[in-house]
Amino acid sequence: MKTAPDSKPRAGKPMLRRPSASDGRRLLIKDFSMDDLCAFLEQRGHEPYRGRQVWEWLHGKCAASFDEMRNLPRALREDLSALFAVDALAVDRVLDSQDGSRKFLLRAADGETIQSVLMPDGRRLTLCVSSQAGCAMGCAFCLTGAGGLRRKLETAEIVDQAVLAAREPGALERISNLVFMGMGEPLANFDSVGAALRMLTHEKGLAFAPRRITVSTAGLANRIRRAAREWPPVNLAVSLNAPDDALRDRLMPVNRKFPIEELLGACRHYARATGRQVTIEYVLLDGVNHAPRHARTLAKRLDGMPCKVNLIPFNPFEGASFKRPSDGSVLAFQEELKRNGIEAFVRNSRGRDIGAACGQLGGTPHGR
Ligand code: SF4
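Heads up, our numbering is the position in the sequence shown plus 121, with the first residue counted as 1.
As structure tokens, then:
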């Protein structure tokens with residue numbers, strides 16, 4: 122992966138990724154932080170404050186072309202057009218669900234394809250974004266994981282999922298929440314996701330409050346601790362799915378590296394450092410992980426931790442080796458958790474008819 126301009130510690134002048142014929146593609150302008158863009162344009166002979174204007178057009182007003190940037194001199198707009206494409210992603214197709222969800226099939230400059238989903242829910246409009254094309258984590262119940270990792274996304278490609286969705290009519294003001302629950306493991310793309318979070322929460326960008334953003338991880342405990350130090354204080358969700366290591370080892374290979382106690386220790390640390398309650402996600406797999414004893418063990422493990430549990434009945438996909446449990450057993454599991462003092466909610470996935478529900482992304486629309 123190429124390094125984004127603001128992903129390394131710097132001293133003095135910012136390190137800039139320069140245009141290069143060997144790049145094989147144009148630079149991604151949304152990889153630049155505001156400061157880096159100011160410095161970059163200054164080095165090209167433009168007034169440094171122009172960088173702030175351009176950055177605001179791109180990230181705050183979601184401009185679709187440099188020509189829209191009417192307060193910029195023509196020479197600057199021409200310079201920008203020669204160097205950059207405005208967007209890192211193009212919308213290939215849009216699929217609409219009966220429940221109002223909208224899935225975007227997006228294509229990067231190298232032809233790589235990813236997906237994001239816009240989900241209305243009452244007054245909330247949540248955008249679910251991807252952090253990688255595919256995923257290396259290999260969770261047994263996930264379609265994205267079945268295809269492996271193709272590559273990590275650049276910062277601009279993460280930011281652009283929000284910018285492109287915000288260009289939908291009326292969406293700029295309406296998108297209320299952002300969740301990193303699409304394709305990929307966000308903490309395995311730490312620098313690019315961190316840079317994207319700083320841009321998405323920037324007051325001149327889309328200006329999401331950190332409490333409106335949730336990053337979901339399969340459980341990279343060391344990176345959770347690092348995120349507590351280095352990222353804006355966003356919400357953390359952890360995909361747990363089993364109350365003991367033997368079962369979790371089978372469902373999620375990452376558990377062999379970061380077993381449950383180590384993972385929950387990192388979650389407690391994150392909650393203390395950020396003041397945020399951690400969300401524990403638990404995909405219910407028929408006959409596998411939702412017996413009353415699983416609920417009681419889970420409750421014991423979470424005892425004293427500021428958290429809530431989201432229960433997600435499995436969303437079957439073609440070739441899946443698990444089934445969705447009955448509604449009755451989902452409710453019974455929820456009740457058992459509540460009886461043992463744990464706040465638990467059943468989360469019904471959106472967009473199941475368009476392959477946009479949890480664990481379904483990365484399906485067949487592009488023939489992958
Ligand atoms: S559940 Fe998340 S971390 Fe696991 S394979 Fe799927 S995308 Fe990757």
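Idealized CB from N, CA, C, for every residue including glycine.
Item                                                                                                     : Value
Boundaries of the alpha helix (DSSP H) in which D281 is found, first to last residue                     : 276-287
Test item: CB-CB of T338 and E306 under 8 Å                                                              : yes
Length of the line joining the Cα atoms of A453 and G255                                                 : 34 Å
Touching by the beta-carbon criterion (3+ pairs, under 8 Å), the segment 370-384 and the segment 425-439 : no
CB contact flag (N298, Q253, <8 Å)                                                                       : no
N192 in three-state terms, based on DSSP                                                                 : coil
Coarse secondary structure for G255, derived from DSSP in three states                                   : strand
Beta-carbon gap between M190 and A184 smaller than 8 Å                                                   : yes
Whole-angstrom distance between A229 and S143, CA atom to CA atom                                        : Only weak support exists for where S143 lies, its pLDDT of 41 falling under 50; the coordinates are left without a value.
DSSP bridge partner residues for A211 (one or two, in chain order)                                       : R228
Residues near H167 in its chain [Cβ-Cβ closer than 7 Å; skip 5 each side]                                : L197
Helix, strand or coil at N310 according to DSSP, with G and I counted as helix                           : helix
Assigned secondary structure, L405 (DSSP; H/G/I helix, E/B strand, else coil)                            : strand
Close beta carbons around V284, own chain, < 8 Å, minus the five adjacent residues each side             : K151, L179, H180, C183, D208, L327
Proximity test, C260 beta-carbon vs the ligand SF4 heavy atom, cut-off 7 Å                               : yes
Secondary structure, beta strand (DSSP E): runs of 3+ residues fully inside the segment 315-352          : 334-338
Reference A203; option with closest CA among F443, P353, R165, S447                                      : R165
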